[in-house]
Amino acid sequence: YDESDKQNRIAILKHIAKTYHPQEENFPSQIQKMTSSNFIQTCENIHSYTEPKYAELFRLIGRQPDGVHSLVHLRADILKFLPEIESPAYVERMSESLRDLLATWFTTGLLQVERVTWQSPCEIVQRVSEYEAVHRIRNWADLKRRLGPYRRCFAYTHHMMPNDPLVILHVGLVDNISNSIQTILNRVKSVSDVTEEILHEDPSLINSAIFYSISSTQPGLRGIELGNALIKRCVLQLQAEHPELEKFSSLSPIPDFRKWLMEELHSSSTSIISSEIRSWFHSLFSTSTWHLDETVLDEIRPILMRLCTYYLTQVKHSKTGYARDPVANFHLRNGAVVWRLNWLADRSERGWKQSLSMMVNYRYYSFDRIDRNSIDY
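Heads up: the sequence shown is residues 511 to 887, going by our numbering.
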């Protein structure tokens, strides 16, 4: 499989998914034989008939050296190829079966939380740089700052994939809940700029922990919840290290806000945006420099803030009924609350393209409240 090209990989996956799927002709006879006296045995027989044979194949692969890692990559392939497969029902079922198996191997109790520092193994440090998906790491100096004083980087690892983090969480230790990503990233020009920083942290300057980047690194583990447990375990570690910490919050991007806004502007049925505002926006967004005009920014701020608040709290995914915004859904599902919307919080090119510069704080309170919020959501 590893030596095959894309089309042959798809053919292999389709063959396994269909050939080793349960055959329906076995079911009626088993159900007809069911009586109160043989109920348990019949249930076991039905289970053995309904479990795909490829499930045992996956278990055997998982017992081999590097087998778990191979299965994670195999599922990543399945998810990547699915849109190109005609009649994908069998392959989708195989993906679900493999996901369920991987979920038993990647439970919280089998994962380790490691703090990554500049002194960590080079391979881990390199992975942190490569996997950063939220705020690109520009150079070694940038990376060193993110691993240095008043910063924390935590990685979720599995003993079968020791040098390949599953989730990476970046935290800023600051004196209050941040409203701008620039103040956290604080670009530097060279490694020497970092080495000149004070190496010891002043506890009086640490009041809040800001989760400003969380990256899931393994596409093959999609659908397996890892981030929630990582945040909780990191909170415990941070509290043990800094008992003075009082506030825990994210500073999160709003990746689909601008896309949603453009959809609303071009929709003939929306009642959210008045015709006057719609016309102004069309004129404004047709230029590439409007965001450089401070007068325009002052005028547009209350309108965009209101629309973004509506988007985060009211716009739902059509299939699930949860928040449409993926980052909002992640934090709300974890038990956080939408706490504050921040204007001009990310003035990078990516920030303008995604959310017109806005970012949001999702606040994490006590564990009891987090659990209640998660259940309510």
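Glycine residues also receive a C-beta, built at the ideal position from the N, C-alpha and C atoms.
These figures come from a predicted structure and were not determined experimentally.
{"Item": "Indicate the three-state DSSP secondary structure (helix, strand or coil) for M671 in the structure shown.", "Value": "strand"}
{"Item": "For V635 and I678, which I take to be in contact (beta-carbon distance under 8 Å), what is that distance rounded to the nearest angstrom?", "Value": "With a Cβ gap of about 11 Å, V635 and I678 do not count as contacting."}
{"Item": "From the DSSP output, in three-state form, read off R811 for me.", "Value": "helix"}
{"Item": "Would DSSP call N839 helix, strand or coil?", "Value": "helix"}
{"Item": "Do L695 and H645 come within 8 Å of each other at the CB atom, strictly closer than that value?", "Value": "yes"}
{"Item": "Just reading off the alpha helix (DSSP H) that F877 is part of, what are its end residues?", "Value": "F877 to D886"}
{"Item": "Can you tell me whether DSSP reads V635 as helix, strand or coil?", "Value": "helix"}
{"Item": "Between A665 and G737, what straight-line distance do the alpha-carbon atoms span, to the nearest angstrom?", "Value": "10 Å"}
{"Item": "Do the stretch 660-676 and the stretch 621-633 touch if we need at least three Cβ pairs shorter than 8 Å?", "Value": "yes"}
{"Item": "Taking its Cβ as the centre, do 16 or more other Cβ atoms sit within 10 Å of D652, making it buried, or is it exposed?", "Value": "buried"}
{"Item": "Compute the beta-carbon to beta-carbon distance between S759 and S718, rounded to the nearest angstrom, for a pair I have assumed lies under 8 Å.", "Value": "7 Å"}
{"Item": "Pull up the CB-CB distance for R850 and N871, whole angstroms please, since I reckon it's below 8 Å.", "Value": "5 Å"}
{"Item": "Per DSSP, F767 forms a beta bridge with which residues?", "Value": "Answer is none; F767 lacks a bridge partner."}
{"Item": "Smallest Cα separation from D587: which of I520, E751 and P765?", "Value": "I520"}
{"Item": "Can the beta-carbon of P729 be found less than 8 Å from the beta-carbon of V837?", "Value": "no"}
{"Item": "Counting only the same chain and skipping the five closest in sequence on each side, list residues whose C-beta sits under 7 Å from that of L563.", "Value": "The sequence shown places Lys at residue 563, not Leu. Contacts found: Y530."}
{"Item": "Going along the chain, which unbroken runs of the alpha helix (DSSP H) with 4 or more residues stay wholly within the stretch 727-761?", "Value": "737-751"}
{"Item": "Hey, how far is the Cα of A750 from the Cα of S714?", "Value": "16 Å"}
{"Item": "Output needed for H801: all residues of its chain with C-beta closer than 8 Å, excluding positions within five of it in sequence on either side, in chain order.", "Value": "L807, W862, L866 and S867"}
{"Item": "Would H583 and M670 be called neighbours here (beta carbons separated by less than 8 Å)?", "Value": "no"}
{"Item": "What is the residue span of the alpha helix (DSSP H) that G831 lies within?", "Value": "Note, G831: premise wrong, no alpha helix (DSSP H); not H, not E."}
{"Item": "Would you list the residues sitting across from E596 in a DSSP beta bridge?", "Value": "Beta-bridge pairing links E596 to no other residue."}
{"Item": "Measuring CB atoms only, is the stretch 769-783 touching the stretch 816-825, in the sense that at least three cross pairs come out at less than 8 Å?", "Value": "yes"}
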